[in-house]
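The structure appears right after this line, and notes come after that.
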Amino acid sequence: MSLIEINHVTFQYPGATVPSLSDVSLNIEKGDFIAIMGGNGSGKTTLCKLLNGLIPHYYVGDIEGEVIVDKMKTLESKVTDLSGSVGYVYQDFENQLVRAKVIEDASYSPLNFGYPDYLERGKKALEKVGLKGKDDEYIWELSGGQKHLLALAGAISLEPGILIVDEPVAQLDPQHAKALYDVLKWLNEKEQTTIIVIEHHTEFISEYCKNVVLMADSKLIWKKSVREGLTRINELRERQIYPPQITQAAYALTEKEDRTLPINLSEATEYFKSFNLTECFQPYLTPVPNHTGEKIVDIQQVDFSYKMISRQKKKILKDVSLTIHKGDRIALVGNNGAGKSTLMRLMTGIEKPEFGDVLLKNINTKGVAPESFADMVTYIYQNPEEMFIEDSIQADIEYFLKARKVKDYSETVEKIIDLFQLREIKDRDGRLLSGGQQRRASLAIGVAMQPSLILLDEPTANLDIGTRKHIAQFIQSLKNEAEAVIIATHDMQLVSEWANRIIVMKDGQIIHDGDRASVFSNKALLNSAGLTPPQIMELSQLLGTKLAYSIEEFVAYAQESKEEVTFDGYYKEAARVY
Amino acid sequence: MDITKKLQGFISVEQLKIEVLNAAYGNTDTTIAKLDSRTIFMWYVFYAIFPWLTHSWIVLTGMFLMLVAMIYLARVSYLLLFLFVFGLVGQGSMVLGVSLFFGGNLTTILPLLMFELKLAIISLAGLIAFSTMEPEKLSDGLLKIGVPAQVSFSISYGYRMLPTLIEEYHHVFMSFRLRGKAPDQHGLLYWRTVLYFMTLIVKSFYPLMLSSAKRARTTVESLESRGSLYSFKNPAVKKVKLGYMKFTYKDGLFGLFNLLYVIMLFMLAVALH
Chain A
37 MSLIEINHVT FQYPGATVPS LSDVSLNIEK GDFIAIMGGN GSGKTTLCKL LNGLIPHYYV
97 GDIEGEVIVD KMKTLESKVT DLSGSVGYVY QDFENQLVRA KVIEDASYSP LNFGYPDYLE
157 RGKKALEKVG LKGKDDEYIW ELSGGQKHLL ALAGAISLEP GILIVDEPVA QLDPQHAKAL
217 YDVLKWLNEK EQTTIIVIEH HTEFISEYCK NVVLMADSKL IWKKSVREGL TRINELRERQ
277 IYPPQITQAA YALTEKEDRT LPINLSEATE YFKSFNLTEC FQPYLTPVPN HTGEKIVDIQ
337 QVDFSYKMIS RQKKKILKDV SLTIHKGDRI ALVGNNGAGK STLMRLMTGI EKPEFGDVLL
397 KNINTKGVAP ESFADMVTYI YQNPEEMFIE DSIQADIEYF LKARKVKDYS ETVEKIIDLF
457 QLREIKDRDG RLLSGGQQRR ASLAIGVAMQ PSLILLDEPT ANLDIGTRKH IAQFIQSLKN
517 EAEAVIIATH DMQLVSEWAN RIIVMKDGQI IHDGDRASVF SNKALLNSAG LTPPQIMELS
577 QLLGTKLAYS IEEFVAYAQE SKEEVTFDGY YKEAARVY
Chain R
34 MDITKKLQGF ISVEQLKIEV LNAAYGNTDT TIAKLDSRTI FMWYVFYAIF PWLTHSWIVL
94 TGMFLMLVAM IYLARVSYLL LFLFVFGLVG QGSMVLGVSL FFGGNLTTIL PLLMFELKLA
154 IISLAGLIAF STMEPEKLSD GLLKIGVPAQ VSFSISYGYR MLPTLIEEYH HVFMSFRLRG
214 KAPDQHGLLY WRTVLYFMTL IVKSFYPLML SSAKRARTTV ESLESRGSLY SFKNPAVKKV
274 KLGYMKFTYK DGLFGLFNLL YVIMLFMLAV ALH
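Same order as they appear, the protein sequences are chains A and R.
Going by my numbering, the first residue of the first sequence is number 37, and it counts up by one from there.
Going by my numbering, the first residue of the second sequence is number 34, and it counts up by one from there.
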């Protein structure tokens, strides 16, 4: 008998017109590490909520079929009976933390079930996730990554045999995501916990998971081993899921879709050896600062700190100087907490520097209200919901123009609505839209202000990969809308394809300012700033070939060297004959 | 730099957050904070009821001075103290003004002042009692004296959400400012600017309410699956949770000291009459 058995389950949320799961059957064995892939609305989350009994006990809808989890029939048991067997980490994990202190939250479930040793259980869970010694900290003092780990600790405090984690990578920067997956791996190997992740990032799936499930349109398409699943390139692409870059590259070169395709880096280095790619010495490039164009922002030796709850000051920026010119498309990169958002907020006039000056088009932000820079700068929040201040998208886009009594504003608004494909949803409340729609709306709100400088904070975070590609296209078009654009991001693909200048930050300082060649050729810099380059770039580095920024570049390069080799061969053949 | 900007720096949302959290979670290492929450409840009830039973200026003033000393010991947050003084002075001067306006004199004012003093004692005692207890301690204490678990949970959860809500409010408020337009002229007595900010302060609450409603979904699901609803009905949980609470000699000393002090005040009052 399997640990989890789902037999022919069909479920429809109350009020919905179509079922969210239709005739789904799935068995998961004990000790598995399984990923569930699928586009938005394919039923992944619904499937997972079936396992901890929230469906059908909390969401009372129409349900058919049978679910057996850890020998319990979920339809007949209570949610609390299942709590001991299934832990759940939500996508919006912050809302899952209900107590003020770290130890209180970690020991919350054991306390609720009346275990006298609840504190020890909480402590043990904290130790497993690597939060030892943080017991008495308040949760609002934790970083995003630590909060995620705490949510995980709370979920495993009852030592459940099954752990479900909903889209961990979407919320974290690459280093934290890796740290989280390492904890999951440890739990899987050392404690035989069965791990179920909802995940789109196939690079993580290939590195950590054993099996993979594909869902689409409320149906379970298949369950396969990771190798078999991830090498079904065309089927995945059709479903807007992108196999690892190296797998795609290998497929593009061989056009053979089978299990021989590499799915991780070490396999790929072996695999491509047979291609005899010409090595190419990659010189270390020094940054060449670009000092042409009109100055838009001038940041002079700025320090910034904020007051913590203990009333102590915490330094965020230390002696930062930076000038931004017309035509700059800047990617601001670095780990969470490096000071990227703060630097951007200083450029809006919302925050004022502690020491030093910030000049926007030669006006010092000190002593001037942020409203007066609104014509010049737009800041697009990381969480688009915080930008929706009206009750419809259209009203939000109009807000700025109306406040300034711009004549014929409706014309501009109409144009922008079309540009960002918002025609059909323009009357809806922004908070009720999907993640991708919210992003598009927030970009539209920003562009409607017709600024000289657009600042985007993590515009592709929290999106599935299909939507991310879609949003990236809109970001490409922004360069026509403003004199300069700055994006703070962890998305190295976006960085390498879009930016003409990359600024790397670490611990409140700018440690590098240059173009993509100077950043990605500098291994030491990447390591120290915690940047993870796209997989295909890592591969080209490992193989010692020319640095490839995209799959297409790599494939083109490989084909070129193949021709060279063939040509070489002909030449030798000719030499032998004569 | 003009006054409004200085004020903005002083009364910023950030500062408010720091003050509120300090009032709730700060100063947990004071003598009074180490007492059992039930002792503090009893002490508070005594100070809330007793002033109504006496007319002696000496007793009331003595109690008031005692509380002032305790405010110092309990390190009550400045924000709360400011609100207290502001409220007291505001109300006091209003009552005074009204009574003078209607032809009152010293004899009419004195009872009013006594009433104010009694109010001050009660509110000061409340300030000390509730700001010296962390929300967790308060909710555990309430649970112990028989308040339903749902109520005590709501208190501690409410405080846990406060910083998140304040931060989100701040963001929404800034959204308004980043896209809005401040009045070009301040107007007489800054009325335009004041009106502009007042409107924003109110408007910023609406988006906050909607997004809180949205985030509550995950919270409620999580509470359900982490067994908190189950725990409300389980007496064993209460026992485990409150196991740490017990009276110590400190509680005894504190009670005795307060009792002796009040008796002394009465003796003093009798002696002086």
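C-beta atoms are modelled at their ideal positions from N, C-alpha and C, and glycine is treated no differently.
If you're wondering where the values come from, they're calculated on a predicted model, not measured in any experiment.
Could you tell me which residues DSSP puts in a beta bridge with residue i?
{"i": "A:ALA524", "result": "A:LEU368 and A:ASP493"}
{"i": "A:LEU57", "result": "A:PHE47"}
{"i": "A:HIS548", "result": "A:VAL540"}
{"i": "A:ASP98", "result": "A:GLN48"}
{"i": "A:ASP465", "result": "The partner list for A:ASP465 (beta bridge, DSSP) is empty, contrary to what the question assumes."}
{"i": "A:LYS350", "result": "A:TYR342"}
{"i": "A:PHE69", "result": "A:ILE231"}
{"i": "R:HIS204", "result": "For R:HIS204, which the question treats as bridged, DSSP gives no partner whatsoever."}
{"i": "A:THR359", "result": "A:ASP334"}
Among the options, which has the Cα closest to the Cα of residue i?
{"i": "R:LEU68", "options": "R:ASP284, R:SER45, R:LEU298 and R:VAL46", "result": "R:ASP284"}
{"i": "A:ASN523", "options": "A:VAL369, A:ASP411, A:GLU421 and A:MET423", "result": "Residue identity check: residue 523 of chain A is Ile in the sequence provided, not Asn. The candidate whose alpha carbon is nearest that of A:ILE523 is A:VAL369."}
{"i": "A:ILE269", "options": "A:ASN400, A:LEU256, A:ALA288 and A:GLY123", "result": "A:ALA288"}
{"i": "R:ILE178", "options": "R:ILE51, R:ARG71, R:ARG108 and R:MET242", "result": "R:ARG71"}
{"i": "R:SER164", "options": "R:ILE296, R:LEU293 and R:ILE73", "result": "R:ILE73"}
{"i": "R:SER185", "options": "R:PRO240, R:ARG225, R:SER172 and R:MET278", "result": "R:SER172"}
{"i": "A:ILE257", "options": "A:GLY75, A:GLN348, A:ARG347 and A:ALA189", "result": "A:GLY75"}
{"i": "A:VAL54", "options": "A:THR81, A:GLY97 and A:ASP444", "result": "A:GLY97"}
{"i": "A:SER478", "options": "A:ILE425, A:THR46 and A:SER179", "result": "A:ILE425"}
{"i": "R:MET207", "options": "A:LYS451, A:LEU396, A:LEU583 and A:ARG381", "result": "A:ARG381"}
{"i": "A:SER554", "options": "A:VAL249, A:SER242, A:ASP463 and A:VAL540", "result": "A:VAL540"}
{"i": "A:ALA206", "options": "A:ASP543, A:PHE510, A:LEU575 and A:LEU499", "result": "A:LEU499"}
{"i": "A:VAL591", "options": "A:PRO495, A:THR314, A:ASN516 and A:LEU489", "result": "A:THR314"}
{"i": "R:GLY95", "options": "R:GLY276, R:LEU195, R:ILE154 and R:VAL180", "result": "R:ILE154"}
{"i": "R:TYR105", "options": "R:LEU228, R:PHE290, R:GLU254 and R:LEU160", "result": "R:LEU160"}
Short check: CB of residue i to CB of residue j, under 9 Å?
{"i": "A:ILE501", "j": "A:GLN276", "result": "yes"}
{"i": "A:GLY166", "j": "A:LEU185", "result": "yes"}
{"i": "A:TYR415", "j": "A:GLY482", "result": "yes"}
{"i": "A:LEU458", "j": "A:LEU492", "result": "no"}
{"i": "A:ASP393", "j": "A:GLN337", "result": "yes"}
{"i": "A:SER586", "j": "A:PHE556", "result": "no"}
{"i": "A:ASN43", "j": "A:SER58", "result": "no"}
{"i": "R:LYS151", "j": "R:LEU93", "result": "yes"}
{"i": "R:THR252", "j": "A:GLN132", "result": "yes"}
{"i": "A:LYS109", "j": "A:GLU102", "result": "yes"}
{"i": "A:LEU579", "j": "A:PHE308", "result": "yes"}
{"i": "R:LEU54", "j": "A:ILE345", "result": "yes"}
{"i": "R:GLY288", "j": "R:TRP90", "result": "no"}
Could you check whether the Cβ of residue i sits closer than 8 Å to any heavy atom belonging to the ligand PLP?
{"i": "R:GLY276", "result": "The ligand PLP is not among the ligands present in this structure, which contains no ligands whatsoever."}
May I ask you to report which of helix, strand or coil DSSP gives residue i?
{"i": "A:ASP339", "result": "strand"}
{"i": "R:MET34", "result": "Residue placement at R:MET34 is flagged as unreliable, the pLDDT there being 42, under the threshold of 50; the coordinate-derived value follows with that caveat. R:MET34 falls in the coil class under three-state DSSP."}
{"i": "A:ARG275", "result": "coil"}
{"i": "R:LEU301", "result": "helix"}
{"i": "R:THR63", "result": "coil"}
{"i": "A:ASN247", "result": "strand"}
{"i": "R:LEU222", "result": "helix"}
{"i": "A:VAL134", "result": "coil"}
{"i": "A:SER193", "result": "coil"}
{"i": "A:GLU574", "result": "helix"}
{"i": "A:TYR124", "result": "strand"}
{"i": "A:ALA374", "result": "coil"}
{"i": "A:VAL394", "result": "strand"}
{"i": "A:LYS260", "result": "strand"}
{"i": "R:GLU47", "result": "helix"}
{"i": "A:THR581", "result": "coil"}
{"i": "A:THR81", "result": "helix"}
{"i": "R:MET278", "result": "coil"}
Compute the beta-carbon to beta-carbon distance between residue i and residue j, rounded to the nearest angstrom, for a pair I have assumed lies under 8 Å.
{"i": "R:ILE346", "j": "R:LEU49", "result": "Residue 346 of chain R lies beyond the residue range present for chain R, which begins at 34 and ends at 306; the question has no answer from this structure."}
{"i": "A:ALA189", "j": "A:ALA161", "result": "4 Å"}
{"i": "A:GLY169", "j": "A:ILE139", "result": "Going by Cβ atoms, the distance from A:GLY169 to A:ILE139 rounds to 11 Å, so no, they are not a contact pair."}
{"i": "A:PHE340", "j": "A:LEU358", "result": "About 13 Å separates the two Cβ atoms, so there is no contact after all."}
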